[in-house]
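*Asks:* I am attaching a structure below and will ask some questions about it afterwards.
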């Protein structure tokens, strides 16, 4: 097991989250199965008082967990210095069989955690606490995601062997490597690149048409294609190396931490896109839809402009593409 100050911080915070999260889970069970906003008895009054306290605890746990994802990536990058063969966080992810699953699970969780925060925010704006039962029912599901993530995270850190030689990102993200990490590579990246830009154009179209269903579908498609195209094509121009496809090295100082900006804008753009579906299709709230459309398309446009600028600038500097 590797124990650095960063890893200890994550473990301690996770222990605190697990304690308060479990208490919130038990209270959520009680609220979910006994909630009746039309009742005027003492039991309902007690539930309302408990719901505010429980929701506040859950809110801060999930909000901090979202922010902690950035610290988690920073921690992986930091401890890569003590693993033989690792050049960045990619080597740490591949150091155990749990790494890639934990990373993917965390990526999914930050969306779910954010969705709960959105539902809670809308619930607090209603006079009759219309979505209280929904949000606590949703937390009953989220709690198990949180629990599984914490267990998986501790297991991953406990499984890291500092004496074991690990693969560097150049090996993991290469056309010749046969692992699951490199399975996205193709001989020709033009199809992925075309799909990336076409999906963005459809997003712009459905932004003006305000078609919720199609915007959500292409929002998800854009997210997948954006990540693949970043690894497969745009990353090589960030590094100015045709063989360097690592999605983690761009988070380092040598590349001006541009990866953080890219991933944040991509997350915000797709997250606001999904909020449209939650708000209009699940919560049946029709107000403020234009605001979330705007937030989504602006964030995704900024992402697209940044990644597109790298090959363009490279061409003007060198007269050729990679």
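In the working numbering, the protein residues as written are 691 to 1012. In this text, a Cβ means the ideal position worked out from N, Cα and C, and glycines have one as well. Since this is a predicted model, take the numbers as computed values, not measurements.
(1) Looking only at its own chain, which residues have a Cβ that is under 6 Å from the Cβ of residue 803, when we skip the five neighbours before and after it?
(2) If residue 721 sits next to residue 741, beta carbons under 8 Å apart, how far is it from one beta carbon to the other, in whole angstroms?
(3) Can you tell me whether residue 909 is buried or exposed, with buried defined as 16 or more other CB within 10 angstroms of its CB?
(4) Measuring straight from C-alpha to C-alpha, what distance separates residue 758 and residue 726?
(5) Pull up the CB-CB distance for residue 1018 and residue 981, whole angstroms please, since I reckon it's below 8 Å.
(6) Can you say whether residue 796 is buried or exposed, counting buried as having 16 or more other CB atoms within 10 angstroms of its CB?
(7) Tell me the rounded alpha-carbon separation between residue 863 and residue 927.
(8) Would you be able to state if there are at least three C-beta pairs under 8 Å between the region 729-736 and the region 898-915?
(9) Counting along the chain, where does the alpha helix (DSSP H) carrying residue 1001 start and finish?
(10) Please give the ranges of any alpha helix (DSSP H) in the region 899-975, keeping only runs that are unbroken, at least 4 residues long and fully inside the region.
(11) For residue 804, which of helix, strand or coil comes out of DSSP?
(12) Alpha carbon to alpha carbon, what distance is there between residue 900 and residue 1010?
(13) Looking only at its chain, what residues have a beta carbon closer than 7 Å to the beta carbon of residue 822, apart from the 5 residues adjacent to it on each side?
(14) Going by C-alpha distance, which of 934, 778, 773, 929 is nearest residue 855?
(15) On the CB-based measure, 16 or more other CB atoms within 10 Å of its CB, does residue 994 come out buried or exposed?
(16) How many Å lie between residue 940 and residue 781 at the Cα?
(17) Would you report the Cα separation of residue 879 and residue 924, rounded to the nearest angstrom?
(18) Assign residue 983 to one of two classes, buried (16 or more other C-beta atoms within 10 Å of its C-beta) or exposed (fewer than that).
(19) Using 9 Å as the threshold, is the C-beta distance between residue 765 and residue 694 below it?
(20) Give me, in chain order, the residues of the same chain whose beta-carbon lies closer than 8 Å to that of residue 696; leave out the 5 immediate sequence neighbours on both sides.
(21) Give the straight-line distance between the Cα atoms of residue 1006 and residue 1000, rounded to the nearest whole angstrom.
(22) Do residue 743 and residue 709 have their C-beta atoms within less than 9 Å of each other?
(23) Any heavy atom of the ligand GDP inside 8 Å of the beta-carbon of residue 978?
(24) Between the beta-carbon of residue 801 and the beta-carbon of residue 711, is there less than 9 Å?
(25) Counting only the same chain and skipping the five closest in sequence on each side, list residues whose C-beta sits under 6 Å from that of residue 929.
(26) Going by beta-carbon coordinates alone, are residue 932 and residue 949 separated by less than 9 Å?
(27) Are the beta-carbon atoms belonging to residue 787 and residue 857 less than 9 Å from one another?
*Replies:* Reading it off the structure:
(1) 752, 755, 756
(2) 5 Å
(3) buried
(4) 35 Å
(5) Residue 1018 falls outside the range modelled here, since the chain spans only 691 to 1012, and no answer is possible.
(6) buried
(7) 15 Å
(8) no
(9) 979-1008
(10) 902-919, 925-929, 948-967
(11) helix
(12) 40 Å
(13) 725, 741, 813
(14) 773
(15) buried
(16) 14 Å
(17) 10 Å
(18) buried
(19) yes
(20) 761, 764, 765, 768, 769
(21) 10 Å
(22) no
(23) No copy of the ligand GDP appears in this structure; indeed no ligand is present at all.
(24) no
(25) none
(26) no
(27) no
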